[in-house]
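Numbering (the numbering used here), first residue to last: 162 to 969.
The beta-carbon is built from N, C-alpha and C at its ideal position, and this holds for glycine as well.
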């Protein structure tokens, strides 16, 4: 009989916790040795601190548990009988302040850890992000890519959900991540095939941001300041870009109480230009209007956060969190439309020529206020019950001014003004229960209720040049009210046996959506309803071929919901040549994802590969039609089915003690097959991206890191986006344990590379063609200073917006 089968049930299990505060220690390492010091096996603890070592032969062993910043723990004698399951219960590690101070000299964290359902990345390894935000951390990861507009995508999809310390958020990822300081992040977990216990939103999965945590009683203070040197190139913009900011985080723990306070301010402007060419076909007339001019952003945000935690016993924890913030993002697009002319399609006869200058300013503002209350109880048998409620009020809005002028005389040809007022109320309540079983299995189950009420008042006015008064344009003005209620419950079973780890679950969701539209001209109400009951199954499995080689597979069903903006059918004037509108009948996207992967370790090096397939039904794409001779109408619509299959590769290498390489690449085939406006929509292409960095440790207190982000050409429903390139260099100097400084050279170019620019082209045969090259600032020099007192004690956790920032 096969020996591995005979002894498959013999195992050693336990839970590692922080002795000072009773919190579980995730990602701690556990090693099991024979009494002759021969290593038998190892494990990494999960989020509950649990570990399991299976497939053991009868005999005597000893166990060694280790975690950075804690004293090692040895369990000297463990006797294992045939098919016996040995439970060590809760093992406590005590903080080691001396070890914490020595970590920078004696130890080095790996950049990534691969678990059965996620990839984990240490934030501090991405030096180009220091002084920036969570967005800057993400752009260095193998699965993630970013375009010139700052839009983030995971495996080619922008549909993903952000979690903060495990809490699900429904906000627009780019805006949430853009407000969270990179210096406050401990690690990032990328969960591309989430289990049923997570919310099903996000066709590309989940990104869990873990903030820095500490270990013992005491006070912690960290302050960061960033400053950008004047721009090397101003792109003839009217105003110079400003880049500066500061954030401070303070934490105090005393006995059963913890408090955390965070304040941040960030000004992060972007200078740039926009070079475009458009022609439209209307009847027998072709109109062409090339353009060139400024396209820049003024981005400013403030925020303040507070968390209070009370732990009356080692088994109970109460937490209260509040958050408030203000943000404004102003986009300037001052464009000269040169040699604007129309001609007959068949004879080529010119009908007219008309040049004008368009001043366009779009201001987007958002004020947020939210609060949450959480409770968690751990039972004696390891079972855990947790409950949480969150409420948010958000006020969104902002005007867009659009003025067409005579470039020589300044005479106003047309002046328009549109604005909106969008208050939002969001509520979420959930309860979760986990029950570990004696046979190594664990059951997780829970229920969640969410509601969203989002009202909008959209006003579009055009100036009467004769009277000087602004008059309402009814066909572009509306009142939009969205309400959405979701009930969901899940059950999840997970466990391990021998060399196998596995999990399977099912989430059932009931959604009720109502969209009410009122036309300001006729005051006619129209109600659109959409309800469904949907199951979301999931499964994952991992097999350890050896201590250094693991294989895994996963399946997950997801949903990507539509926002209010994408369902408002009344056009909004984005700039001179573009209107943008939604579809009130828009259906959510439903996604099926399959993954197959392998991870291989060899010494201090590791490589991984993951093949994946994603199918998206009711694919939502932005498509264009001709509104009139000089204006295109962008419409969000369900265009059909989208399919993606690809391969993700990554490696963490250490060629020498002073040279480290972390590199990842993603190559995939993306295809769209569907219809829009009674015409077929079909396109496909191979796409690839590369994210890599090399770190050189010149001395113990001085290091240099060079990072590269590259995204190839990509297809869209009606065209393609060109490649995007961003190289970055960071030099870091430590001055003792408390103070550090970094010098960053961002978007390196020197006039030699096509850095930080991207061309976006769309067309429809016989209807229109448009191509625009966005050129943004290069060779940016930033200085970041960080000062921390007792940084090993940081345990700051803050809530974030769940609803409002998605609409921002």
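Separation of residue j from residue i, as counted between CA atoms
| i | j | result |
| --- | --- | --- |
| residue 580 | residue 622 | 9 Å |
| residue 372 | residue 920 | 36 Å |
| residue 324 | residue 533 | 15 Å |
| residue 262 | residue 898 | With a pLDDT of 34 at residue 262, under the threshold of 50, the modelled position of this residue cannot be trusted; read the value that follows with caution. Each residue's Cα considered, the two are about 8 Å apart. |
| residue 877 | residue 844 | 7 Å |
| residue 689 | residue 645 | 12 Å |
| residue 110 | residue 560 | The structure shown does not extend to residue 110, since the chain is modelled only from 162 through 969, so no value can be given for it. |
| residue 501 | residue 448 | 7 Å |
| residue 969 | residue 222 | With a pLDDT of only 49 at residue 969, under 50, the local geometry of the prediction cannot be trusted, and the value read off the model is given with reservation. Roughly 57 Å between the two C-alpha positions. |
| residue 477 | residue 603 | 21 Å |
| residue 881 | residue 846 | 10 Å |
| residue 895 | residue 864 | 9 Å |
| residue 429 | residue 492 | 12 Å |
| residue 950 | residue 900 | 9 Å |
| residue 349 | residue 282 | 5 Å |
| residue 388 | residue 403 | 9 Å |
| residue 393 | residue 941 | 7 Å |
| residue 725 | residue 812 | 41 Å |
| residue 445 | residue 503 | 10 Å |
| residue 239 | residue 224 | 8 Å |
| residue 841 | residue 188 | 50 Å |
| residue 312 | residue 885 | 12 Å |
Three-way DSSP call (helix, strand, coil) for residue i in this model
| i | result |
| --- | --- |
| residue 635 | helix |
| residue 358 | coil |
| residue 747 | coil |
| residue 507 | coil |
| residue 939 | coil |
| residue 913 | coil |
| residue 665 | strand |
| residue 343 | helix |
| residue 687 | strand |
| residue 469 | strand |
| residue 890 | strand |
| residue 199 | coil |
| residue 723 | coil |
| residue 542 | coil |
| residue 974 | With the chain covering 162 to 969 only, the question about residue 974 has no answer from this structure. |
| residue 528 | strand |
| residue 297 | helix |
| residue 277 | coil |
Contact under 7 Å by Cβ, residue i with residue j
| i | j | result |
| --- | --- | --- |
| residue 548 | residue 592 | yes |
| residue 363 | residue 320 | yes |
| residue 674 | residue 651 | no |
| residue 555 | residue 585 | yes |
| residue 748 | residue 782 | no |
| residue 253 | residue 174 | no |
| residue 610 | residue 590 | yes |
| residue 601 | residue 657 | yes |
| residue 713 | residue 758 | yes |
| residue 699 | residue 743 | no |
| residue 385 | residue 947 | yes |
| residue 717 | residue 303 | no |
| residue 171 | residue 241 | yes |
| residue 213 | residue 176 | no |
| residue 889 | residue 907 | yes |
According to DSSP, residues forming a beta bridge with residue i
| i | result |
| --- | --- |
| residue 819 | For residue 819, which the question treats as bridged, DSSP gives no partner whatsoever. |
| residue 406 | 387, 427 |
| residue 855 | 822, 867 |
| residue 630 | Its beta-bridge partners do not exist; DSSP assigns none. |
| residue 679 | 640, 686 |
| residue 352 | 367 |
| residue 829 | 807, 848 |
Residue range of the unbroken beta strand (DSSP E) whose run includes residue i
| i | result |
| --- | --- |
| residue 396 | Where residue 396 is concerned, there is no enclosing beta strand (DSSP E), given that its DSSP letter is neither H nor E. |
| residue 732 | Looking at the DSSP string, residue 732 is not in any beta strand (DSSP E), and its letter there is neither H nor E. |
| residue 546 | 545-558 |
| residue 569 | Counting along the chain, residue 569 falls outside any beta strand (DSSP E), and DSSP gives it neither H nor E. |
| residue 739 | 739-742 |
| residue 791 | Here residue 791 belongs to no beta strand (DSSP E), and DSSP marks it neither H nor E. |
| residue 437 | 433-443 |
| residue 321 | Careful: residue 321 lies outside any beta strand (DSSP E) and carries neither H nor E. |
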